[in-house]
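The structure appears below as structure tokens.
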Amino acid sequence: MAALTVCPYCGTGCQIIVNDLRNGERVIGYSKSLVNEGKLCIKGSSGLSYNFSRERLKYPFVKRGEGFVRASWDSAIEETSRRLTDIVNKYGPDSVAFLSSAKSTNEENFLMQKIARMTGTNNVDHCARSCHSPTALGLITTLGAGAATGSIKSLEDSRTFFVIGSNTTEQHPIIGTKIMNELKRGKNLIVADPRTTQLAEIATIHLRFKPGTDTALLNSLMFVILKEHLEDEEFIKGRTQGFEELEREIEKYSPEITESITGVKPDAIREAAVMIAKEKPTSILYAMGITQHIHGTENVMSVSNLSLITGNVGVRGSGIFPLRGQNNVQGSSDMGALSEWYPGYVPVDSPKVSDLENVWKKDLPRKKGLTLSEMFDAASDGKIRAMYVMGENPLVTEAAVSDVEKGIDNLELLVVQDIFMTLTAGVADIVLPAATSLEKEGTFTNTERRIQKVNKVYDCPGEAMPDWWILNEIGKRVAGTKDYSSPKEIFEEICRVVPSYSGATYENIYPNGKQWPIDSANPEGTEVLHGSTFPIGRAKLVPIAYGPPAEMVDAKYNFIMTTGRNYYHWHSGTMTRKTDILQRESPSSYAEINVDDAKKLGIRNSQNITIESRHGSIETKAILTDKIPSGIIFVPFHFDESRVNRLVGKSLDPLSKMPEYKVVAVRLVV
Ligand code: SF4
273 MAALTVCPYC GTGCQIIVND LRNGERVIGY SKSLVNEGKL CIKGSSGLSY NFSRERLKYP
333 FVKRGEGFVR ASWDSAIEET SRRLTDIVNK YGPDSVAFLS SAKSTNEENF LMQKIARMTG
393 TNNVDHCARS CHSPTALGLI TTLGAGAATG SIKSLEDSRT FFVIGSNTTE QHPIIGTKIM
453 NELKRGKNLI VADPRTTQLA EIATIHLRFK PGTDTALLNS LMFVILKEHL EDEEFIKGRT
513 QGFEELEREI EKYSPEITES ITGVKPDAIR EAAVMIAKEK PTSILYAMGI TQHIHGTENV
573 MSVSNLSLIT GNVGVRGSGI FPLRGQNNVQ GSSDMGALSE WYPGYVPVDS PKVSDLENVW
633 KKDLPRKKGL TLSEMFDAAS DGKIRAMYVM GENPLVTEAA VSDVEKGIDN LELLVVQDIF
693 MTLTAGVADI VLPAATSLEK EGTFTNTERR IQKVNKVYDC PGEAMPDWWI LNEIGKRVAG
753 TKDYSSPKEI FEEICRVVPS YSGATYENIY PNGKQWPIDS ANPEGTEVLH GSTFPIGRAK
813 LVPIAYGPPA EMVDAKYNFI MTTGRNYYHW HSGTMTRKTD ILQRESPSSY AEINVDDAKK
873 LGIRNSQNIT IESRHGSIET KAILTDKIPS GIIFVPFHFD ESRVNRLVGK SLDPLSKMPE
933 YKVVAVRLVV
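Heads up: the sequence shown begins at 273 in the numbering used here, then just goes up one per residue.
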């Protein structure tokens with residue numbers, strides 16, 4: 273019964289040994305894991321009972337009239353395939369959109385994007401669009417690889433940690449714990465965050481900056497470093513390009529000028545800048561606080577600039593660590609489940625696409641597809657007629673939810689493949705019951721590029737089937753994809769077409785996983801990237817001018833709302849809210865409000881309030897705290913009965929199409 277597999281929640285990718293949980297046995301952290309060394313947070317240790325929930329989807333359902341009727345697999349697959357094919361024949365392949373999933377395996381993501389591409393469209397995307405698409409684009413532009421440059425283990429060699437836009441102890445608790453342990457060994461910690469997070473409380477320096485002013489703060493840190501001549505001249509000269517242009521932009525961001533933008537005292541900026549440059553090696557860790565902005569890609573490139581000018585790349589203990597949200601954000605992006613990239617980050621308009629055409633024996637589309645953030649408007653406009661959603665719940669997770677609803681209403685066909693009847697599945701035409709990650713095999717790639725084997729522990733309930741099996745049945749009927757016999761066969765194809773996976777096999781990545789690139793030059797994988805060269809030769813320094821967020825406060829909307837996750841729940845709560853222990857700890861929606869602001873407005877702790885933005889309103893409960901500055905509120909997005917994304921507008925990062933989840937002007941109505 274006991275099996276070694278990977279935690280289904282955050283991108284840390286902790287390895288777990290799962291026993292017979294239904295008989296009271298416990299999940300154990302794998303003590304020899306290079307990722308978590310036996311440790312687990314509450315989600316990994318006590319968050320898996322959703323697998324046995326009575327609410328699991330067990331049979332296919334099709335909509336008849338106003339309700340669902342149970343269907344056999346044969347008829348559900350036949351109807352899905354026929355209706356998708358009819359829509360493609362009638363309106364063309366770009367009338368269909370595919371939503372892949374960072375919760376699914378590499379094999380499943382690879383297969384879904386292959387079905388889309390072989391149908392003739394690049395309209396395939398997934399939730400990385402809403403978390404780390406700026407990382408992929410930003411770091412590919414500056415370094416040539418859109419991934420963490422080191423390993424979790426290598427953080428032990430850092431002398432300084434700079435954490436910006438990441439509530440690490442809540443979102444990636446095992447990495448947060450690692451940093452806390454390192455602090456006991458005398459390391460330095462700088463935290464840049466508007467909120468007083470757990471790490472901010474113990475940080476050597478807390479830069480409490482205003483939401484949306486990241487590039488001004490980062491530019492000012494670089495201003496001080498250059499003025500004090502603390503840059504790594506040898507690294508800049510030998511390994512980067514574009515320094516003069518960067519220097520010209522940085523000139524504008526003295527700490528005094530920057531204080532008026534960020535609210536951070538000049539002395540704190542100076543002290544932090546000196547620490548980053550002098551107390552090396554420094555690792556920079558960031559998450560959605562950096563990426564979920566209309567300047568998300570610029571924020572990422574700015575982080576990269578800071579790392580590069582201080583020579584903090586390519587050395588163990590230094591580097592850039594984009595902390596991935598879901599378990600397989602890195603892998604699903606590597607697999608090309610993004611509308612602008614084929615597997616291995618080959619741009620859709622690159623001549624290299626012909627290599628894939630030769631393997632798949634099919635002409636492939638070369639035009640960029642629609643991003644997740646664009647698909648629902650296209651559905652409202654009648655350009656998208658059918659949507660196939662695997663393991664995603666866009667009615668909860670996407671920005672501008674009212675427009676998502678309109679788009680979905682206008683579809684001729686919505687197919688949802690999931691483990692529960694989510695809000696989105698509830699409005700589908702066809703619902704296909706899927707396996708959880710404990711009920712199938714495959715691979716996940718974690719936040720440090722480690723490809724890890726996922727192993728089956730339990731049988732699926734009822735007639736639920738693994739995503740890869742369902743996709744395989746539909747793909748061969750709709751797109752003429754190969755009839756795969758196992759996830760292993762799909763993985764072997766991945767390793768043929770994605771160079772950084774080329775040396776991996778199911779056997780050689782077990783049990784500890786390996787960090788890509790795994791190839792003939794690096795058969796054991798690569799712990800630290802960019803040691804002597806970058807994939808693009810010299811790294812690019814990109815001058816970034818500060819630009820304000822899309823929404824500003826005014827007399828009416830006088831608070832800034834920032835959204836995010838809490839310790840107990842994950843994403844749209846599909847799994848964690850079906851897990852008793854986690855649901856007990858955090859049962860319902862809330863908004864964190866500064867105590868003084870609450871006093872002025874006459875709001876008591878736990879009082880029901882209405883939050884209104886220029887885009888919508890929700891009701892929730894006020895939680896008063898001094899850990900959030902005056903003028904800012906924080907609302908987690910896990911709760912479908914109070915969907916915070918109703919309040920988020922449609923402004924997008926023009927480069928990555930990331931919505932601005934982190935800065936929304938709102939008002940509080942008591
Ligand atoms: Fe799972 Fe992330 Fe917790 Fe590890 S840190 S146990 S991967 S949720």
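Virtual Cβ for every residue (Gly too), placed ideally from N, Cα, C.
Given a cut-off of 7 Å, decide if Ile-451 and Thr-284 are closer than it, judged by their beta-carbon atoms.
no
Please report the straight-line C-alpha distance between Asn-584 and Lys-552, rounded to a whole angstrom.
7 Å
For a quick check, are the C-beta atoms of Glu-857 and Tyr-840 less than 7 Å apart?
yes
Taking the beta carbon of Asn-395 as the centre, do at least 16 other beta carbons fall within 10 Å, making it buried, or is it exposed?
buried
Taking 6 Å as the cut-off, does the CB of Cys-767 come closer than this to any heavy atom belonging to ligand 1?
no
Does the segment 552-572 come close enough to the segment 406-419 that 3 or more CB-CB pairs lie under 8 Å?
yes
When you compare each of Gly-510, Lys-362, Ile-359 to Phe-806 by their alpha carbons, which one comes out closest?
Gly-510
Under 7 Å Cβ to Cβ from Ala-544, same chain only, skipping five residues before and after it: list those, please.
Ile-462, Ile-477, Leu-479, Leu-493
Leu-312 CB to nearest heavy atom of ligand 1 below 6 Å
yes
Could you tell me the alpha carbon to alpha carbon distance between Thr-512 and Lys-375, rounded to whole angstroms?
36 Å
Taking 7 Å as the threshold (C-beta atoms), are Ile-533 and Thr-485 in contact?
yes
Sub-7 Å separation of Ile-691 and Ala-671 beta-carbons:
no
Closest by CA to Lys-763, which one among Thr-834, Ile-781, Thr-487, Gly-921?
With the sequence shown as reference, residue 763 is identified as Phe, and Lys is not the correct amino acid for it. Nearest of Thr-834, Ile-781, Thr-487, Gly-921 to Phe-763, Cα basis: Ile-781.
Could you tell me the alpha carbon to alpha carbon distance between Ser-555 and Ser-347, rounded to whole angstroms?
53 Å
At what residues does the beta strand (DSSP E) containing Asp-690 begin and finish?
685-690
Give me the residue from Arg-939, Leu-927, Tyr-525, Val-942 with the minimum Cα distance to Met-573.
Leu-927
Where DSSP assigns a beta bridge to Glu-864, which residues make up the other side?
Ile-895, Phe-906
Does the Cβ of Tyr-302 lie closer than 6 Å to at least one heavy atom of ligand 1?
no
At 4 residues or longer, and completely inside the segment 709-758: list those alpha helix (DSSP H) runs for me, N to C.
739-750
State the start and end residues of the unbroken alpha helix (DSSP H) segment that holds Met-384.
378-391
So, with DSSP's three-state summary, where would you put Asn-577?
helix
Enumerate in chain order the residues of its own chain whose CB-to-CB distance from Met-390 is below 7 Å, with the five nearest sequence positions on each side excluded.
Trp-632, Lys-634, Ala-751, Gly-752, Thr-753
Is DSSP giving Pro-365 helix, strand or coil here?
helix
What do you reckon, is the C-beta of Thr-284 under 6 Å from a heavy atom of ligand 1?
yes
Counting only beta-carbon separations shorter than 7 Å, does Ile-723 have a partner in chain C?
No chain C appears in this structure, which consists of one protein chain only.
Measure the CB-CB distance between Val-435 and Leu-557 and report whether it falls below 7 Å.
yes
Rounded to the nearest angstrom, how far is the Cβ of Lys-871 from that of Thr-643, given a contact under 8 Å?
Actually they are not in contact, since the Cβ atoms of Lys-871 and Thr-643 sit about 42 Å apart, beyond 8 Å.
Does ligand 1 have even one heavy atom less than 6 Å from the beta-carbon of Lys-362?
no
Using alpha carbons as the reference points, say which of Val-938, Gly-903, Ile-900, Lys-899 lies closest to Asn-917.
Val-938
With a Cβ-Cβ cutoff of 7 Å, do Ile-816 and Thr-487 count as a contact?
yes
Please classify Asp-868 as buried or exposed, where buried requires at least 16 other C-beta atoms within 10 Å of its C-beta.
exposed
Which two residues bound the contiguous alpha helix (DSSP H) that contains Ser-605?
601-606
Please report the straight-line C-alpha distance between Leu-215 and Val-703, rounded to a whole angstrom.
Not covered by the structure: residue 215. The range shown for the chain is 273 to 942.
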